[in-house]
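Student:
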Amino acid sequence: KKKDSDEEDKKAKKDKKKKDKKKDKKKEKKVKDQEENAEESNLEDAIFGKEKSDFDDQDDQASVESETGVDDEGAFKLAVSGTKEWIERNPDGSPDELAEVVTNQQMASALKAHDKIQILVQAVFTLQSIKNNDVEKYSETIAKITNHKSIMERHLIAALEALCMEKPKTFVVFLKQLYDADVLNEKSILEWSEEGRNDFTLEVVDEGKRALLRGEAEPLVVWLQEDSESESEDEDD
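The sequence shown begins at 296 in this note's numbering and counts up one residue at a time.
#1: Taking ASN428 as the reference, give the member of MET447, ASP522, GLU490, LEU473 with the closest Cα.
#2: Assuming SER488 contacts ALA453 (C-beta within less than 8 Å), just tell me the rounded distance between them.
#3: What's the C-alpha gap between GLU521 and MET460?
#4: Roughly how many angstroms lie between the CA atoms of ASN480 and GLU435, to the nearest whole one?
#5: How close, in whole Å, do the beta carbons of LYS439 and ASP391 come, if the pair is a contact with beta carbons under 8 Å?
#6: Return the chain-ordered list of same chain residues with a C-beta closer than 6 Å to the C-beta of SER523, the five sequence neighbours on each side being excluded.
#7: What whole-angstrom Cβ distance do ASP410 and GLN417 have, given they're in contact under 8 Å?
#8: Short check: CB of HIS443 to CB of GLN413, under 9 Å?
#9: Can you tell me the Cα-Cα spacing of ASP387 and GLU380, whole angstroms?
#10: Measure the Cβ-Cβ separation of LEU422 and LYS372 and say whether it is below 9 Å.
#11: Do LEU415 and VAL397 have their C-beta atoms closer together than 9 Å?
#12: Out of GLY369, PHE466, LEU406, state which residue places its alpha-carbon closest to the alpha-carbon of ILE425.
#13: Note down the Cα distance separating TYR433 from PHE420, rounded to an integer number of angstroms.
#14: Less than 9 Å separating the beta-carbons of ALA374 and LEU406?
Put into structure tokens, the structure is as follows:
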């Protein structure tokens, strides 16, 4: 009997060890999963910014919006995404239709009126746009959004600064192509060139990048200044 009892004790201890081992493995897996989730979260923060609104639950969405309002950064990304999706579904959409979509996205996201041009630039342009003739393709839509108003054209230049930060040499090409397409006015470009950082400049564009972009645009600025002076002389004659 004692022998049987000893064997039962051994078996019980063995079973306990197995259970403990399983528990330890589960704990290790849980910790590992948490670490992986944290890494994914950190990666998303790095790409999209830390301020993110999680609106998976509609009830939560309503309460968050009523207490804090719509987050501008999140709202802007949704507006850009919505515009891109419409373009993908309607590759032959007209400039009027696209301009209306951008306006609707801006209003639905409770963004400022001048944000329309930034939404459009982010939705249709990349650093490859110069090679892809995207400026020519979307110039009419841009003109409909800016309506050739000086303030909107300055916001357009600011949006291009943000777009071209990582590849400054593309900035002057965008400016020249938009000028040639009668989307950007000479006056708007020259006013931008004469001013430093101002209310039009987006926060993401630091002073070093802004100065670099201004330097890249110098040949165009000089050419426009000379052209403007030549026109003035002709008028005087």
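Backbone N, C-alpha and C define an ideal beta-carbon position, used for all residues, glycine too.
Tutor: For this structure:
#1: Numbered from 1 along the sequence shown, position 133 holds the residue referred to as residue 428. Comparing Cα positions, the closest option is LEU473.
#2: Taking the first residue of the sequence shown as position 1, residue 488 is located at position 193. Taking the first residue of the sequence shown as position 1, residue 453 is located at position 158. A Cβ-Cβ separation of about 13 Å leaves SER488 out of contact with ALA453 under the 8 Å criterion.
#3: Against the sequence shown, residue 521 aligns to sequence position 226. Against the sequence shown, residue 460 aligns to sequence position 165. Approximately 27 Å, taken between the alpha carbons.
#4: Sequence index remark: in the sequence shown, residue 480 carries index 185 (1-based). Sequence index remark: in the sequence shown, residue 435 carries index 140 (1-based). Cα to Cα, ASN480 sits roughly 14 Å from GLU435.
#5: As a working mapping, residue 439 is identified with position 144 in the sequence shown. As a working mapping, residue 391 is identified with position 96 in the sequence shown. Yes, LYS439 and ASP391 are in contact; Cβ-Cβ is about 7 Å, under 8 Å.
#6: Indexing the sequence shown from 1 puts residue 523 at position 228. Taken in chain order, the list of residues that qualify is empty.
#7: The residue given as residue 410 occupies position 115 in the sequence shown. The residue given as residue 417 occupies position 122 in the sequence shown. Actually they are not in contact, since the Cβ atoms of ASP410 and GLN417 sit about 10 Å apart, beyond 8 Å.
#8: For the purposes of this step, residue 443 is taken as the residue at position 148 of the sequence shown. For the purposes of this step, residue 413 is taken as the residue at position 118 of the sequence shown. For HIS443 and GLN413, no; Cβs fall outside 9 Å.
#9: One-based indexing of the sequence shown puts residue 387 at position 92. One-based indexing of the sequence shown puts residue 380 at position 85. Cα to Cα, ASP387 sits roughly 13 Å from GLU380.
#10: Position 127 of the sequence shown holds residue 422. Position 77 of the sequence shown holds residue 372. For the pair LEU422 and LYS372, the CB atoms are not nearer than the 9 Å cut-off.
#11: Sequence index remark: in the sequence shown, residue 415 carries index 120 (1-based). Sequence index remark: in the sequence shown, residue 397 carries index 102 (1-based). Cβ distance < 9 Å, so LEU415 and VAL397 count as in contact.
#12: In the sequence shown, residue 425 corresponds to position 130, counting from 1. The shortest C-alpha separation from ILE425 is found at PHE466.
#13: The count along the sequence shown starts at 1 and reaches residue 433 at position 138. The count along the sequence shown starts at 1 and reaches residue 420 at position 125. TYR433 and PHE420: Cα-Cα distance of roughly 9 Å.
#14: Indexing the sequence shown from 1 puts residue 374 at position 79. Indexing the sequence shown from 1 puts residue 406 at position 111. Yes.
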